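Visitor:
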C-alpha cells in the first residue's frame, strides 16, 4: 500500500445529497491533493494544499469544497452534484513544496463516485 | 450530443519483449516530467521522473528519454512482464507552480505470457 487511504471506496449519491470524501496519509507529508479521473478526460488536478494552505484551485466548481484540517487529513465536501461529476476521485500526498521543486506524489486508491 | 470516453492508445507485447510508451507534452516551461503506472482498482504509482535539464534517466528496468526539441517523452521498459500490464501516464510539472501536475491521457499496456 502507498500509505494514503481514502474512504469510502464507493459512493452513490443523488443530486440533492451532501456527502464528504475523506483522505488520510500516514507518510508524514505536508502537501495533499485532490484529483478527478473520469472516462472523458485525463487525470485532472482539482486542489493542492501545502502546509494546510490551499495553493491551487484548478477552476473547480463551488459544489466541490475542500477542507484540510491538518497535514494528515483532507476532505472533499460534495453538494448538489451533477451526473457528469461521476468519476474516480483520487487523493495524493507529497513532501511540502517550494516553487520550482518536485516531490513524488503518492496516490490513494480513490473513491468511485456515482451521481444519479 | 452523446458523450464518449477517452480512446486510449494501446500497446500489446509478449512477455520478455521491450516496451516503449510515448508521450507528447505541450508546455516549454515544464521543469519535471514524470511517468506513473495505474493498475486496475488502484491509484497511480510513481515509476520514474526526469528533470528538464536531462535527456535520459535510468531506473530498474525502466529508462525515460526526454527530447525537448520536439517536446517528446518516452518510457522504455526492458524485459516486460505480465505484472507490467497497466495504464501508463506521463505528467509534466509547471516550473512556477506548487506541485501542479498536468497528466497525459494514458496508454494501455498489455503483456501476454
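Residue numbers (this note's numbering), protein chains in the order written: chain L, 8 to 123; chain A, 201 to 313. Ideal placement from N, C-alpha and C gives every residue a C-beta, glycine not left out. None of these values were measured; they are calculated from a predicted model.
According to DSSP, simplified to helix, strand and coil, what is residue 282 of chain A?
Guide: If you number the second chain from 1, residue 282 of chain A lands on position 82. Helix at residue 282 of chain A.
Visitor: Short of 8 Å Cβ to Cβ, which residues in the region 28–39 of chain L face chain A?
Guide: Hits within the stretch, in order: 38.
Visitor: Would residue 288 of chain A count as contacting chain L if we go by Cβ distances under 8 Å?
Guide: As a position in the second chain, residue 288 of chain A is number 88, starting the count at 1. Taking Cβ atoms only, chain L never reaches closer than 8 Å to residue 288 of chain A, which makes this a no.
Visitor: Can you tell me the Cβ-Cβ gap for residue 316 of chain A and residue 261 of chain A, rounded? I've got them flagged as a contact below 8 Å.
Guide: The displayed coordinates of chain A run from 201 to 313. Any statement about residue 316 of chain A would go beyond what the structure contains.
Visitor: With a Cβ-Cβ cutoff of 8 Å, do residue 58 of chain L and residue 103 of chain L count as a contact?
Guide: Here residue 58 of chain L is taken as the residue at index 51 of the first chain, counted from 1. Here residue 103 of chain L is taken as the residue at index 96 of the first chain, counted from 1. Cβ atoms of residue 58 of chain L and residue 103 of chain L: closer than 8 Å.
Visitor: Just to confirm before moving on: does the CB-CB distance between residue 95 of chain L and residue 114 of chain L stay below 8 Å?
Guide: For this step, residue 95 of chain L is matched to residue 88 along the first chain. For this step, residue 114 of chain L is matched to residue 107 along the first chain. Going by C-beta atoms, residue 95 of chain L is not nearer than 8 Å to residue 114 of chain L.
Visitor: So, is residue 293 of chain A buried or exposed, given that buried needs 16 or more other C-beta atoms within 10 angstroms?
Guide: Here residue 293 of chain A refers to the residue found at position 93 of the second chain. Classification of residue 293 of chain A: buried, given that the 10 Å Cβ count is 16 or more.
Visitor: Please report the straight-line C-alpha distance between residue 296 of chain A and residue 17 of chain L, rounded to a whole angstrom.
Guide: The residue given as residue 296 of chain A occupies position 96 in the second chain. The residue given as residue 17 of chain L occupies position 10 in the first chain. Cα to Cα, the separation comes out at about 35 Å.
Visitor: With contact counted as at least three CB pairs below 8 Å, one residue from each stretch, are the region 204–220 of chain A and the region 67–77 of chain L in contact?
Guide: The region 204–220 of chain A vs the region 67–77 of chain L: no contact.
Visitor: Under the three-state reduction of DSSP, which class applies to residue 90 of chain L: helix, strand or coil?
Guide: In the first chain, counting from the first residue as 1, residue 90 of chain L sits at position 83. Of the three classes helix, strand and coil, the one that applies to residue 90 of chain L here is helix, per DSSP.
Visitor: What are the boundary residues of the beta strand (DSSP E) that residue 237 of chain A is part of?
Guide: Position 37 of the second chain, counted from the start, is the residue given in the question as residue 237 of chain A. Element bounds for residue 237 of chain A: 230–238.
Visitor: For a contact meaning CB atoms closer than 9 Å, what does residue 244 of chain A contact in chain L?
Guide: For the purposes of this step, residue 244 of chain A is identified with residue 44 of the second chain, where counting begins at 1. Ordered by position in chain L, the residues that pass the 9 Å Cβ test against residue 244 of chain A are 42, 44, 50, 97, 99, 112 and 114.
Visitor: When you compare only the Cα positions, how much space is there between residue 112 of chain L and residue 101 of chain L?
Guide: Your numbering for residue 112 of chain L matches position 105 in the first chain. Your numbering for residue 101 of chain L matches position 94 in the first chain. Cα to Cα, the separation comes out at about 5 Å.
Visitor: Measuring straight from C-alpha to C-alpha, what distance separates residue 50 of chain L and residue 305 of chain A?
Guide: To locate residue 50 of chain L, count along the first chain from 1; it is residue 43. To locate residue 305 of chain A, count along the second chain from 1; it is residue 105. Straight-line Cα distance between these residues: approximately 7 Å.
Visitor: Under 8 Å between the Cβ atoms of residue 1 of chain L and residue 26 of chain L?
Guide: Since the first residue of chain L shown is 8 and the last is 123, residue 1 of chain L is not available in this structure.
Visitor: Alpha carbons only, please: which of L/88, L/43, L/37 and L/9 is nearest the one belonging to residue 61 of chain L?
Guide: Stepping through the first chain from its first residue, residue 61 of chain L is reached at position 54. Nearest C-alpha to residue 61 of chain L: L/37.
Visitor: Just to confirm my understanding: we take residue 207 of chain A, look at its own chain, exclude 5 residues before and 5 after, and list those with CB closer than 7 Å. What are they?
Guide: Along the second chain, one-based indexing puts residue 207 of chain A at 7. The answer is none, since no qualifying residue turns up.
Visitor: Let me know if residue 270 of chain A comes out buried or exposed under the rule of 16 or more other beta-carbons within 10 Å of its beta-carbon.
Guide: The residue labelled residue 270 of chain A in the question sits at position 70 within the second chain. By the 10 Å Cβ count, residue 270 of chain A comes out exposed.
Visitor: Would a check of beta-carbon distances place residue 256 of chain A closer than 8 Å to chain L?
Guide: Within the second chain, residue 256 of chain A is the residue found at index 56, counting from 1. No, residue 256 of chain A does not count as interfacial toward chain L.
Visitor: Quick check on residue 203 of chain A: does DSSP put it in helix, strand or coil?
Guide: By 1-based counting over the second chain, the position of residue 203 of chain A is 3. Because residue 203 of chain A sits at a pLDDT of 42, beneath the cut-off of 50, its placement in the model cannot be relied upon, and the following sentence gives the value as read from the coordinates. Coil.
Visitor: Between residue 9 of chain L and chain A, is the shortest Cβ-Cβ distance under 8 Å, so that the two count as touching?
Guide: Within the first chain, the letter at position 2 stands for residue 9 of chain L. Yes, contact with chain A.
Visitor: Name, please, each residue of chain A whose Cβ falls closer than 8 Å to the Cβ of residue 63 of chain L.
Guide: Locating residue 63 of chain L in the first chain gives position 56, where the first residue counts as 1. What residue 63 of chain L touches in chain A: 297, 298, 299 and 300.
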